[in-house]
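K.L.:
Supplied in structure tokens, the structure appears directly below.
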Amino acid sequence: MNQSVHLAALLLRLTLGALSLALGFLTLAALASGPFALALMAQGLPLPLSWPAVLAEFGSALVFLGLHAPRPRRVAGRARAGLVSECQT
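Numbering-wise, my numbering puts 95 at position 77 of the sequence shown, and it's gapless, one number per residue.
In structure tokens form, the structure reads like this:
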């Protein structure tokens, strides 16, 4: 794959991770503040349903920031020995 495609995928993953992490912290700060949480309840936002949203935002941040593309592993001695013996014949 082209290196620019890898770089674009990395930047997209980091951007989405940072966005969901910031959104999770903002939601957590808004719900942890007593007067602001009461104002949200007065407008009709049910607070018990918003806490799973905070956890989902932090979970998605962990997914975006923590996951990486798996790379194939190879045993150094076996892979090279097989390649050399095929090339010499």
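Backbone N, C-alpha and C fix where the C-beta goes; we use that ideal spot for every residue, glycine too.
#1: Roughly how many angstroms separate the alpha carbons of V23 and F54, rounded to a whole number?
#2: Verify whether the separation of the beta carbon atoms of F82 and L34 is less than 8 angstroms.
#3: Using 8 angstroms as the threshold, is the C-beta distance between T45 and S68 below it?
#4: Quick one: is S1 buried, meaning 16 or more other Cβ sit within 10 Å of its Cβ, or exposed?
#5: Looking at the structure shown, is G62 part of a helix, part of a strand, or coil, going by DSSP?
#6: Between which two residues does the alpha helix (DSSP H) harbouring S51 extend?
#7: On a CA-only basis, which of L39, P64 and A36 is nearest L49? Give me that one, please.
P.N.:
By the coordinates alone:
#1: 43 angstroms
#2: yes
#3: yes
#4: What is shown of the chain runs 19 to 107, which leaves residue 1 out entirely.
#5: coil
#6: Neither: S51 is in no alpha helix (DSSP H) and is coded neither H nor E.
#7: P64
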